[in-house]
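Accompanying notes for the structure given below.
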Amino acid sequence: MGGNKKKISRRRFLIRGGVGTLGVVAIGTYLFRNPIRRKILAVADSGESPYLGSGMEPMLWFEITKENKVVLHSPKVEMGQGTFTGLAQMAADELEVDMNQISVVHAASISGNLDSFATGGSTSISSLWQPLRELAATLREMLKQEAVKRLGFEASSIKVENGVIRVGDTELTYTEIAQGVSKWEVPKTPALKAIKNYKFIGKPIPRVDLNSKVFGDPIFGMDAEMPEMLYGAVVRPNKVGAKFISADVSKAQTMPDIVKIIEEEDFVGVVAKSFTAAERAKEAIDVTWEVTENWQTDDIREMVKVGKGKAFLLQKEGDNLKDDDNLIAMEFSSPIGAHAQLEPNGVLASVEGDKVTLKMATQVVALTRKEVAKRLDVDEEKVNIIPTYLGGGFGRRLHTPHAVQAAVMSKAVGKPVKYFFSRREEFQHDLFRPPTHHQLHGKLDDQGNIAFIQHDFSSGDVAIDAAMLPGFLHGVLGTDVGAIRGGFCHYSGIPNIRTVSWHVDLPFATSWWRSLGLLANTFAWESFMDELAIRAGKNPVAFRLAHIQDDEKGNRLKAVIKAAAKKANYKDKAVNGRAMGIAASTDAGTPCAQVAEVSVVNNEIKVHKVTCAMDPGLAINPDQIRAQCEGAIIMGMSASLYEKMELVDGELTPIIYGPYEMAQMKHAPKEIDVVLLQGSDKPGAVGEPPLGPIAAAIANAVFRITGNRLTQLPLSLT
Amino acid sequence: MRISFVLNNSDTEIDLTDDTTPLLWVIRDVLGLKGTKFGCGKAACGACTLVIDGEAVRSCLYPVKFAEGKQITTIEGLGTEENPHPIQQAWIEEIVPQCGYCQSGFMMATAALLEKHQSPTDDDIDKNITNICRCATYYRMRKAIHRAVELKGTEISETEPQKS
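Keeping their order, the protein sequence lines are chains A and B.
Using numbering that gives the first Met the number 0, you'd call the opening residue of the first sequence number 0 and step up by one each time.
Using numbering that gives the first Met the number 0, you'd call the opening residue of the second sequence number 0 and step up by one each time.
Below, the structure written as structure tokens:
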């Protein structure tokens with residue numbers, strides 16, 4: 000195998016040369032001249048974001064194996080959202096291979112195929128929809144061209160199916176073709192097939208990682224191993240804002256199985272022969288921390304208040320709201336939320352001279368590579384990040400600087416070091432979902448329609464100061480692109496709308512949590528809409544529909560509201576102690592409506608059934624979209640009914656599952672009914688939008704049973 | 000100290016200096032079976048669940064010395080791709096896993112449940128399956144548990160005629 004005229008480097012072929020596969024490089028056909036600006040606009044507009052390739056260099060996308068199978072190297076990571084399966088479907092359809100002929104692996108950073116953005120924002124499928132199919136079609140045409148050359152037939156007379164090219168009785172497999180090529184010619188991007196001609200796109204194909212996950216294969220970062228691997232641990236403070244002063248390591252030094260205590264300017268680490276030995280030694284290190292303030296939950300609640308900090312006007316339609324007697328006002332709030340993903344953050348690092356290898360679960364491959372290279376003072380190209388499957392992402396792995404600490408420890412001992420968080424560290428050093436506070440003001444006109452509406456919300460940081468985003472982004476946009484998700488008014492038929500975001504700095508890190516601001520903002524919005532409908536004496540479904548304009552976005556939102564209400568057989572009153580609540584949202588271009596059927600027994604809220612209608616556009620894999628809805632509904636329920644972090648005397652608490660209450664099997668609704676609409680011929684966001692409506696849907700149902708308007712998450716009647 | 004047990008139907012003997020090490024780490028790091036996961040280290044999440052003498056055990060707090068003489072099954076011993084256990088087959092049919100990290104623990108907890116309750120009710124499932132899944136795949140897991148019971152029933156009725 001060799002390169003082609005566009006100087007495909009030999010190195011890229013050598014990557015897999017040792018394991019009996021043939022390298023085939025397809026060149027990225029889509030380069031963004033000004034990705035940052037486009038991204039800003041796209042994010043600000045809709046939460047969407049394009050795939051951001053990392054430059055002009057060729058990248059490894061596909062390999063053809065000796066068994067005539069194709070390996071797709073994915074720049075997006077698999078954290079449960081089903082992206083690998085969707086990408087495999089998209090590639091297989093254009094490549095003309097069967098689903099059992101394609102597998103997906105995480106692209107190692109050394110392959111050049113790394114996304115300079117991240118895996119997040121429900122954008123993996125939508126951003127790769129066009130480029131990946133084009134790449135696959137290009138590779139198929141490259142193979143066809145070679146076959147034509149080899150066999151000497153007209154291109155029009157050949158048939159391609161299941162990775163085999165046929166002309167009359169002559170057959171050549173992709174492997175046979177690829178083996179004979181010394182110089183590839185890359186054609187112009189071929190036309191893509193019509194969607195109706197796809198065999199796999201649109202079908203409920205089983206997940207490509209299903210067997211690995213059912214038979215316990217070692218696919219996660221925690222499972223990674225290297226010869227002579229040691230275990231690392233890093234001392235972290237229990238209190239918020241604690242500054243490292245000094246450490247007495249004398250006791251830890253003498254403990255069994257300790258290899259080395261590492262004292263850096265910014266952290267103290269332990270390397271030992273086992274995880275338990277490293278943990279025990281870590282506990283034995285006596286650190287002096289400087290703590291200037293012992294924060295309490297109430298301090299934070301006081302800080303996160305509309306009216307405090309910096310205000311930014313996000314939305315301005317029509318006239319300003321005027322203070323008068325008929326103004327309806329309500330306040331809502333949500334607590335600090337933990338990610339609580341089951342696989343702790345961790346990394347296996349190996350530093351040998353200037354060769355750095357990291358195996359880890361991360362949503363930010365490019366950023367992590369950059370941070371490690373900088374700390375070790377090596378070229379970024381020398382740092383190879385081999386992403387593993389993620390034992391949950393949910394935004395928690397959109398910054399993974401612990402890779403730097405593991406690399407420093409590995410360098411210090413000259414052996415690979417595996418380092419991961421304890422559960423206490425996970426809970427106390429999470430990058431939390433920020434607490435929020437919301438004020439809504441509205442006024443009904445004589446016909447019971449909304450004349451004015453204003454949403455003010457305050458939130459800790461989501462995107463501001465996020466390592467993933469360039470620092471100037473905040474300055475350009477003036478607001479937090481994460482906290483505003485779901486904050487806008489989507490009821491386009493209301494003549495006068497104001498949305499104002501308020502920003503405060505919190506003493507602990509808050510960041511991306513699946514769906515960002517959507518969960519809390521939609522809780523506030525849709526509870527208030529419910530209240531307005533009741534005050535107007537109207538059915539909440541009809542009331543919502545009456546305030547949405549007949550444009551494309553509006554019609555899609557209306558369609559999901561109607562579909563959810565119809566499928567649930569929505570009733571606007573309690574029957575035999577059960578009631579339904581409805582709520583809707585549009586997130587990253589995907590509208591979603593949910594009806595929750597709820598009862599209250601001994602003040603405990605029980606969710607029996609959730610009906611969900613969502614329109615993510617073209618459904619690449621309807622089964623996995625349903626799975627995302629089911630999971631998001633229960634995760635959203637968990638956050639709505641049970642979860643909250645507190646600050647007690649400076650410590651974030653609880654520090655363990657159980658006390659950090661979460662939904663379990665017994666809480667999950669026995670019935671979840673998902674209706675998928677496809678209001679666009681392109682795939683849209685899936686993973687986060689269905690988290691929006693659930694909190695308000697439950698609260699609105701509770702109101703119909705008890706008459707209590709619940710305004711705080713987690714929802715509680717006691 | 001030498002400790003012997005039966006792991007996935009194989010006689011296993013290990014020699015450890017620290018016999019208080021949790022069984023989880025012995026299984027993962029000494030014996031190299033990575034299907035059993037670390038989640039919390041406090042027996043609170045169930046990611047490390049094994050079946051020991053028919054009981055679901057959270058192995059992250061289970062000192063290895065207590066494993067002496069016991070029958071231990073991990074996810075690797077439950078079934079294989081060629082010969083999946085009915086629970087695994089049900090998990091495949093219902094396409095349960097998302098991120099997948101907690102799934103071994105849930106399947107092992109289910110294995111212990113089905114040893115006690117041949118046909119568990121929803122209530123039995125709620126009381127016995129108390130692991131945590133952050134992707135919240137509970138809805139499909141419940142379906143898969145019921146499906147596993149059906150598959151197990153088929154298995155028994157297929158083998159019964161040979162016994163009689």
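From the three backbone atoms N, C-alpha and C, an ideal C-beta is built for every residue, glycine too.
Just so you know, these numbers come straight off a predicted model, no measurement behind them.
Check: Pairwise C-alpha distance: Pro658 (chain A) and Asp92 (chain A); Outcome: 48 Å
Check: As assigned by DSSP and simplified to three states, the class of Cys59 (chain B); Outcome: helix
Check: 7 Å Cβ cutoff, Arg146 (chain B) in contact with chain A; Outcome: no
Check: Min CB distance Gly657 (chain A) to chain B below 7 Å; Outcome: yes
Check: Environment of Ile671 (chain A) [buried if 16+ CB atoms lie within 10 Å]; Outcome: buried
Check: Straight-line Cα distance separating Asp353 (chain A) from Glu379 (chain A); Outcome: 10 Å
Check: Under the three-state DSSP convention, the category Ser121 (chain A) falls into; Outcome: coil
Check: Any alpha helix (DSSP H) of 4 or more consecutive residues that is wholly inside the stretch 572 to 646 of chain A; Outcome: 621 to 640
Check: Sequence ranges, alpha helix (DSSP H) only - wholly within the stretch 391 to 443 of chain A, length at least 4; Outcome: 401 to 412, 422 to 427
Check: Own chain, CB closer than 6 Å to Pro682 (chain A), minus 5 neighbours either side, in chain order; Outcome: Ile124, Ser125, Trp128, Gly616, Leu617, Ile619
Check: Identity of the residues DSSP links to Trp750 (chain A) by a beta bridge; Outcome: This structure does not reach residue 750 (chain A), given that chain A is present from 0 up to 717, and the question cannot be answered.
Check: Burial state of Ile244 (chain A), where buried means 16 or more other Cβ atoms lie within 10 Å; Outcome: exposed
Check: Check: Ile619 (chain A) C-beta below 6 Å from any heavy atom of the ligand FAD; Outcome: Although the ligand FAD was asked about, the structure shown includes no ligands whatsoever.
Check: Contact set for Gln252 (chain A): own chain, Cβ-Cβ below 7 Å, skip 5 residues either direction; Outcome: Ile260
Check: 8 Å Cβ shell around Ile655 (chain A) - same chain, five flanking residues per side excluded; Outcome: Arg422, Arg423, Phe426
Check: Same chain only: Cβ atoms within 6 Å of Asn538 (chain A), ignoring 5 sequence neighbours per side; Outcome: Asp571
Check: Any C-beta of chain B under 7 Å from that of Val685 (chain A); Outcome: no
Check: Interface flag, Glu149 (chain B) vs chain A, CB-CB below 7 Å; Outcome: no
Check: Contacting residues, own chain, Cβ-Cβ under 8 Å from Glu603 (chain A) (five flanking each side not counted); Outcome: Leu716
Check: Cβ-based neighbour list, Gly394 (chain A), same chain, cut-off 6 Å, excluding 5 preceding and 5 following; Outcome: Trp511, Trp512, Arg513
Check: Integer-rounded CB distance, given that Gly391 (chain A) should sit under 8 Å from Met644 (chain A); Outcome: Actually they do not touch by this definition, with Cβ atoms about 17 Å apart.
Check: Ser457 (chain A) vs Lys212 (chain A) beta-carbon contact at 7 Å; Outcome: no
Check: For Asp680 (chain A), three-class secondary structure by DSSP; Outcome: coil
Check: Range covered by the alpha helix (DSSP H) that runs through Trp726 (chain A); Outcome: Limits of chain A in this structure are 0 at one end and 717 at the other, which puts residue 726 (chain A) out of reach.
Check: The stretch 337 to 349 of chain A in contact with the stretch 520 to 530 of chain A per 3-pair CB rule at 8 Å; Outcome: no
Check: Own chain partners of Thr153 (chain B) with C-beta closer than 6 Å, once the 5 adjacent residues on each side are dropped; Outcome: none
Check: CB of Thr585 (chain A) within 7 Å of CB of Gln314 (chain A), strictly; Outcome: no
Check: C-beta neighbour in chain B for Ile671 (chain A), strict 7 Å; Outcome: yes
Check: Selected residue, minimal CA-CA separation from Arg57 (chain B), among B:Glu81, B:Gln88, B:Gly99, B:Phe105; Outcome: B:Phe105
Check: Chain A contact for Tyr137 (chain B) (CB, 7 Å cutoff); Outcome: yes
Check: 8 Å contact criterion, which Ala545 (chain A) and Asn448 (chain A) should meet: CB distance rounded; Outcome: 7 Å
Check: Lys410 (chain A) vs Val371 (chain A) beta-carbon contact at 7 Å; Outcome: no
Check: Which residues DSSP lists as bridging His338 (chain A), in chain order; Outcome: Paired residue(s): none; His338 (chain A) is not in a bridge.
Check: Length at least 3, wholly inside the stretch 211 to 271 of chain A: the beta strand (DSSP E) runs in chain order; Outcome: 229 to 233, 242 to 247, 257 to 262, 267 to 271
Check: Beta-carbon proximity check, Leu515 (chain A) vs Gly481 (chain A), cutoff 7 Å; Outcome: yes
Check: Exposure of Pro653 (chain A), with buried meaning 16 or more beta-carbon neighbours within 10 Å; Outcome: buried
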